[in-house]
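Enquirer:
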Amino acid sequence: MLEKVLPAVVSVRVEGTASQGQKIPEEFKKFFGDDLPDQPAQPFEGLGSGVIINANKGYVLTNNHVINQAQKISIQLNDGREFDAKLIGSDDQSDIALLQIQNPSKLTQIAIADSDKLRVGDFAVAVGNPFGLGQTATSGIISALGRSGLNLEGLENFIQTDASINRRQFRWCAVKP
605 MLEKVLPAVV
615 SVRVEGTASQ
625 GQKIPEEFKK
635 FFGDDLPDQP
645 AQPFEGLGSG
655 VIINANKGYV
665 LTNNHVINQA
675 QKISIQLNDG
685 REFDAKLIGS
695 DDQSDIALLQ
705 IQNPSKLTQI
715 AIADSDKLRV
725 GDFAVAVGNP
735 FGLGQTATSG
745 IISALGRSGL
755 NLEGLENFIQ
765 TDASINRRQF
775 RWCAVKP
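Here it is in structure tokens:
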């Protein structure tokens, strides 16, 4: 079942620098003001997963928090090939980012299904790369549809699964066979 999906799931690697401003505890603000001085910018590396949604244009959908403040983005395919990528657009509120693979060749895109056809109890698989060790698949069912009440203004109607998704890295592609 996953042979068609795995080539479309990619690893997203990022590099950058970010300053780590410190917030001062409320009880000390009367002495020191609102913020402590910013710390010098520190280099960072990050890792996440993404999914190819358009093979011809090299479009990859990933999470915004994966690429936030990245200065270099690279994509590694399931077959080991690596490509540079650039950010096309992102939305912090929905935590979505669109990347474009530079000079893409022989990519496989995922087939986007109609989420209106999902039913509670349907089998679901999540595929991702939580620790940079290669793709991992986990399975479960669709637990609920139309979830809301998460205090995310303007973002409701979530699909919930009970597939065991690693808490440290929640960057996965959920698929329905």
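Numbering (our numbering), first residue to last: 605 to 781.
All C-beta atoms, glycine included, are put in the ideal place defined by N, C-alpha and C.
Note that the coordinates shown come from a computational prediction; the quantities given were computed from them, not determined experimentally.
(1) Does Gln773 pass the burial test, meaning 16 or more other C-beta atoms within 10 Å, or should it be called exposed?
(2) Closest to Ser653 by C-alpha separation, out of Lys661, Pro644 and Asn682, would be which residue?
(3) Have a look at Leu759, Asp766 and Lys676 and flag the residue whose alpha-carbon is nearest the alpha-carbon of Asp699.
(4) Check for me: the beta strand (DSSP E) holding Asn658 runs from which residue to which?
(5) If Leu711 sits next to Ala701, beta carbons under 8 Å apart, how far is it from one beta carbon to the other, in whole angstroms?
(6) What separation, rounded to the nearest whole angstrom, lies between the Cα atoms of Gly732 and Val613?
(7) Which residue's Cα is closest to the Cα of Val616: Phe735, Asn755 and Ala622?
(8) From the DSSP output, in three-state form, read off Val670 for me.
(9) Which word fits Asn783, buried or exposed, when buried means at least 16 other C-beta atoms lie within 10 angstroms of its C-beta?
(10) Whose C-alpha, out of Leu651, Asn658 and Gln673, is nearest the C-alpha of Thr621?
(11) Note down, in chain order, each residue of its chain lying with its Cβ closer than 8 Å to the Cβ of Leu714, except the 5 sequence neighbours on either side.
Expert: Straight from the coordinates:
(1) Indexing the sequence shown from 1 puts residue 773 at position 169. Here Gln773 scores only 45 on pLDDT, less than 50, and its place in the model should not be relied on; the value that follows carries that caveat. Buried, since its Cβ has 16 or more Cβ neighbours within 10 Å.
(2) Counted from its first residue, the sequence shown places residue 653 at position 49. When each option's Cα is compared against that of Ser653, the closest is Asn682.
(3) Here residue 699 refers to the residue found at position 95 of the sequence shown. Ranking Leu759, Asp766 and Lys676 by Cα distance to Asp699 puts Leu759 first.
(4) Looking up residue 658 in the sequence shown gives position 54. Where Asn658 is concerned, the enclosing beta strand (DSSP E) stretches over Gln646 to Asn658.
(5) Indexing the sequence shown from 1 puts residue 711 at position 107. Indexing the sequence shown from 1 puts residue 701 at position 97. Between Ala701 and Leu711 the Cβ distance is about 18 Å, and since that is not below 8 Å, they are no contact.
(6) Working through the sequence shown from its first residue, we reach residue 732 at position 128. Working through the sequence shown from its first residue, we reach residue 613 at position 9. So the alpha carbons of these two residues sit roughly 7 Å apart.
(7) Locating residue 616 in the sequence shown gives position 12, where the first residue counts as 1. Selected option, being the one with the closest Cα: Phe735.
(8) The residue you call residue 670 lines up with position 66 of the sequence shown. Note: Val670 maps to helix in three-state DSSP.
(9) The structure shown does not extend to residue 783, since the chain is modelled only from 605 through 781, so no value can be given for it.
(10) Along the sequence shown, read from residue 1 onward, the residue named residue 621 stands at position 17. The shortest C-alpha separation from Thr621 is found at Gln673.
(11) On the sequence shown, position 110 is the one that residue 714 refers to. According to the sequence provided, residue 714 is Ile. The question's Leu does not apply to it. Closer than 8 Å at the Cβ level, and outside the excluded window around Ile714, lie Val609, Ala612, Val613, Val655, Ile656, Ile657, Cys777 and Val779.
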